[in-house]
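Start counting the sequence shown at 0; every next residue gets the next number (numbering that gives the first Met the number 0).
Note that CB positions come from ideal geometry on N, CA and C, so glycine has one too.
Everything numeric in this text was worked out from a predicted model, so none of it was measured.
Data block below; observations after.
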Amino acid sequence: MARPSTDTRRNIVSVRSRPSIAYVVALVTAAAFSGCAPATSSTGFPRGPGDAWRLDAAPGCAGRRSDGWSARPGGPVPRAAVRCVTLAEAAARTSRLAVTATPSAAPPTKAPRHEPARAFGERPHASAAPPPSEPPPHAPRRVAAPALDADAIVALGPAECRRVLEAAGVEVQTALDAPESVAQPVRVEGAIGGVELRLAWSRDPAHDVHAVFDCRLVVALLPAVALVEAAGYDTLEYVSATRRGGGRRSMHRLGLAADLVAVRKGEGRYNVETLYRRGGVERCRRGSMPRDVFGKMLCRGWRERWFHTILGPDHDRAHHDHLHVDLAPHRKRPSTPYVGLRGASAGDLPRSRRRDPS
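See below:
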């Protein structure tokens, strides 16, 4: 291959030094899109795959001279003359480049200072300390049931009963409108732990006599409320605590009985008829624990002596839709809870004491 003439060498700039990546990319881009023409032989075609490609010197110049300078008024101006390379050669040269970037350490920046808007000519005030953050709201306190059985609870006096409820975090108010038959009349204020004790089907529970409890019955209900909370419910509904009339032995007349009818979880309501599985008393006697919350309430209430009486759907038709629980001050001690099972006692009481105290 003949060596190019001096003029040809002037029009071709070989990339022999280590160019930057941007420069190499520019060469390749120019070769691809700017009409690069191969160094041709006498036939006008490239000599071979390894032949160099070159871009016509100074495309678009008004005048051309053989010595590589453009003729312009005012003096000669150099024009660019580049030597085109193949993509493979450009990639090979680029891979040999050692390009490192050393980031300069940026000076620390300060957070922008935001000042309140002020009137023209007003002097800025000294920045006040940020207000103290308020403590997060506490989660509802879990029910703290006292370790007392029905006999110990029924023996509590008014002051002792109030102290037990205060220690458990239960707020009550004296019910001034209660019947005289209720010895320690109170109304429950607010939730017990995370469970609301709600009088069902009442338009004005704050003044409804059915929402009046003897203080001791509220204490006895604490383990049942704790069981309801542990089962994931937030409300325990009852239909009556104090009830006027009834038999002389009725604990409702004394405010010492409650009929529990349903539990709630959010908008869902689940009553005794839906949840309670018949035969729960027998399963409890055999040593197994019912799965539903009312079955557990009956079984644990009997074993742990929460109440003196527990009657449910297994007792008779009158209790098909609720659990009747009560305290009986007149019962001889030590006592065994009376649990109704098809009209008979599931406890160890003699037959002469089988009665329906509801």
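Whole-angstrom C-beta distance between residue j and residue i, which should lie under 8 Å
i, j, result
"Thr234", "Val260", "The Cβ separation is near 11 Å, so there is no contact."
"His321", "Asp258", "4 Å"
"Cys160", "Arg215", "6 Å"
"Val171", "Ile191", "About 10 Å; that fails the 8 Å criterion."
"Val163", "Leu196", "That pair is no contact at about 16 Å."
"Leu226", "Arg299", "7 Å"
"Arg276", "Pro289", "6 Å"
First through last residue of the alpha helix (DSSP H) which encompasses residue i
i, result
"Gly168", "It is not in any alpha helix (DSSP H) - Gly168 carries neither H nor E in the DSSP assignment."
"Leu226", "214-229"
"Leu155", "From DSSP, Leu155 is part of no alpha helix (DSSP H); its letter is neither H nor E."
"Arg285", "Taken as a continuous stretch (DSSP letters only), Arg285 belongs to no alpha helix (DSSP H), as it is neither H nor E."
"Leu297", "292-302"
Exposure of residue i, with buried meaning 16 or more beta-carbon neighbours within 10 Å
i, result
"Gly265", "exposed"
"Trp301", "buried"
"Gly294", "buried"
"Asp176", "exposed"
"Thr173", "exposed"
"Ser287", "exposed"
"Gly244", "exposed"
"Gly189", "exposed"
"Gly267", "exposed"
"Gly43", "Confidence is the limiting factor: at Gly43 the pLDDT is only 45, short of 50, which leaves the residue's position unreliable, though a coordinate-based value still follows. With fewer than 16 other Cβ atoms within 10 Å, it is exposed."
"Glu228", "buried"
"Gly311", "buried"
"His206", "exposed"
"Arg202", "exposed"
"Arg242", "buried"
"Arg330", "buried"
"Ala166", "exposed"
Segment limits, beta strand (DSSP E) that includes residue i
i, result
"Gly267", "267-270"
"Ala146", "First-last for Ala146: undefined, no H or E at that position."
"His323", "322-325"
"Glu236", "234-237"
"Pro184", "184-188"
"Val308", "Per the sequence shown, the amino acid found at residue 308 is Thr instead of Val. Note, Thr308: beta strand (DSSP E), 308-310."
"Ala197", "Inspection of the sequence shows that residue 197 is occupied by Arg rather than by Ala. Note, Arg197: beta strand (DSSP E), 195-198."
Proximity below 9 Å, CB of residue i to CB of residue j
i, j, result
"Val262", "Glu236", "yes"
"Val217", "Val181", "no"
"Trp305", "Ala149", "yes"
"Tyr232", "Val271", "no"
"Leu297", "Ile309", "yes"
"Val280", "Ala240", "no"
"Val153", "His307", "yes"
"Leu221", "Val338", "no"
"Pro178", "Arg252", "yes"
"Leu255", "Pro157", "no"
"Leu274", "Val238", "no"
Identified DSSP bridge partners for residue i
i, result
"Arg263", "Thr234, Arg268"
"Ala256", "Asp325"
"Thr173", "Val185"
"Tyr337", "Thr308"
Cβ of residue i within 9 Å of any chain D Cβ
i, result
"Ala149", "Included in the structure is just one protein chain, with no chain D present."
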